[in-house]
Structures are given as structure tokens and as C-alpha cells.
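Novice:
Residue numbers (our numbering): 367 to 418.
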């Protein structure tokens with residue numbers, strides 16, 4: 367299942383509302399259960415400093 371939501375803004379809002387959509391690791395990085403289509407295709411390129 368994919369969310370066509372650039373930047374996972376919908377999933378972040380759902381997590382802040384208490385929905386069980388992912389976990390945070392020891393560095394407080396959120397690992398979403400459902401990746402965005404951009405993240406699935408390109409990987410974690412935006413968190414590496416590339417992108418808009």
C-alpha cells in the first residue's frame with residue numbers, strides 16, 4: 367500500500383494524532399509502516415540532503 371503524499375505529511379499528522387502507523391528509532395527517526403511512493407522508488411535521498 368502506498369500513500370501518494372509528498373513528504374509523508376498525512377502520515378506524520380496521523381502519527382501525531384495517535385494512529386499506529388510507524389515507530390521511531392533511537393535517533394528519533396520515524397519509520398513509517400507505509401512508505402511514500404517517492405521514498406520507495408528513490409530511497410532515503412531526501413533525508414540525505416537532496417531534493418527540494
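Note that CB positions come from ideal geometry on N, CA and C, so glycine has one too. Bear in mind the structure is a predicted one, so any value in this text is a computation, not a measurement.
1) Count the other C-beta atoms from every protein chain shown that fall within 10 angstroms of the C-beta of residue 387, then say buried if there are 16 or more, exposed otherwise.
2) What did DSSP end up calling residue 398 once you bin it into helix, strand or coil?
3) Return yes when the Cβ of residue 414 is within less than 7 Å of the Cβ of residue 398, no when it is not.
4) Quick check: the Cα distance between residue 407 and residue 416, rounded to an integer number of angstroms?
5) Could you tell me the boundaries of the alpha helix (DSSP H) in which residue 380 lies?
Specialist: Considering the structure as presented:
1) Sequence index remark: in the chain shown, residue 387 carries index 21 (1-based). So residue 387 ends up on the buried side.
2) Here residue 398 is taken as the residue at index 32 of the chain shown, counted from 1. Here DSSP, grouped into helix, strand and coil, assigns residue 398 to strand.
3) Taking the first residue of the chain shown as position 1, residue 398 is located at position 32. Taking the first residue of the chain shown as position 1, residue 414 is located at position 48. The Cβ-Cβ distance between residue 398 and residue 414 does not fall below 7 Å.
4) Residue 407 sits at position 41 when you count from the first residue of the chain shown. Residue 416 sits at position 50 when you count from the first residue of the chain shown. Distance between the alpha carbons of residue 407 and residue 416 is about 14 Å.
5) Along the chain shown, one-based indexing puts residue 380 at 14. 375-382 is the span of the alpha helix (DSSP H), which, as asked, contains residue 380.
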